[in-house]
Structures are given as structure tokens and as C-alpha cells.
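Comments concern the structure below.
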Amino acid sequence: MSEQLDVRLNYNYPQPSTLTYERPAGTAVNLTNYTGALKVVSLDDTDAYATTLTTANGGLTLGGVAGTVTINWHTFIASLPEVGRYSLHVINASGGNDMVTTGTIVVEDKP
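Just so you know, the sequence shown maps onto residues 77 to 187 in our numbering.
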């Protein structure tokens, strides 16, 4: 998977997003022993709203053999920009970095 995935969240009721990272043939990538990072930046390219969700800080949960990635938006909703873009990467035990997906994010009803 490397197509764009756009996300729309409600600030008051953010829900996690789950996707499956697959090879071109459609088989899930075994994410056992992988880590992950998702960086969100404001669309105006300022770092005022630069936020990184990782497996270490609880922002991402990887599903091992199933190849799933759950993005725990609710954990970081206050630090997300109203409109931004993100890039999701997984890193294997050898340090290999795969870009899983990118997209835009819109947070509605943000105070």
C-alpha cells in the first residue's frame, strides 16, 4: 500500500484508523519486530503543529503477522493541526524504512 489515504476526524469523537500494509500481490506484510512513525505537519509547512505518533509513544499499534497498523488519533488529537498532511512509515529490525501511506488530515470542531 502506498496510495494516499485522507482522514477526517471530529475533535470531540476521534476514532482510531486501522489499515493493512500489503505487498503488491495482496499479502499482508509481517510487521513483527517492526516499529512505526507517523508525522503530521500543518499544510502551511510551519512546525507549529508538527506531531509524531510512534509505536513507542502509543500513537501507533502494529498487528504483527496480520500486517495491520492502528493509528490512535485520539491520543494526540489536541496536538494535531486543523488541516495537515501526514506520512506513515514502518521500520524493520535492520533499520529498513518503508513508506506505508500519506494523506491529508482534517480535524473538525477543534477549539
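Don't be surprised by glycine CBs; every beta carbon is placed ideally from N, CA and C. In this text the structure is predicted, and so the values were computed from the model without any measurement.
Own chain partners of residue i with C-beta closer than 7 angstroms, once the 5 adjacent residues on each side are dropped
| i | result |
| --- | --- |
| Ala169 | Asn109 |
| Asn173 | His165 and Ile167 |
Euclidean distance between Cα positions of residue i and residue j
| i | j | result |
| --- | --- | --- |
| Tyr97 | Thr144 | 6 angstroms |
| Leu107 | Leu85 | 26 angstroms |
| Ala126 | Ser118 | 7 angstroms |
| Gly171 | Thr137 | 18 angstroms |
| Ala113 | Gly102 | 23 angstroms |
Coil, strand or helix - residue i by DSSP
| i | result |
| --- | --- |
| Val105 | coil |
| Ser170 | coil |
| Ala126 | coil |
| Ala132 | coil |
| Gly140 | helix |
Same chain only: Cβ atoms within 6 angstroms of residue i, ignoring 5 sequence neighbours per side
| i | result |
| --- | --- |
| Lys115 | Thr128 and Ser163 |
| Leu81 | Thr177 and Gly179 |
| Glu158 | Val183 and Lys186 |
Terminal residues of the beta strand (DSSP E) in which residue i lies
| i | result |
| --- | --- |
| Lys115 | Thr111 to Ser118 |
| Arg84 | Val83 to Asn86 |
| Thr94 | Ser93 to Thr96 |
Same chain, Cβ closer than 8 angstroms to residue i, five either side skipped, listed in chain order
| i | result |
| --- | --- |
| Tyr87 | Ile153, Val183, Glu184, Asp185, Lys186 and Pro187 |
| Arg99 | Val105 |
Short CB-CB distance (under 9 angstroms) between residue i and chain C
| i | result |
| --- | --- |
| Thr177 | Note that chain C does not occur in the displayed structure, where there is just one protein chain. |
Pair every Cβ in the region 146-153 with every Cβ in the region 84-100, then say whether three or more of these pairs are closer than 8 angstroms. yes
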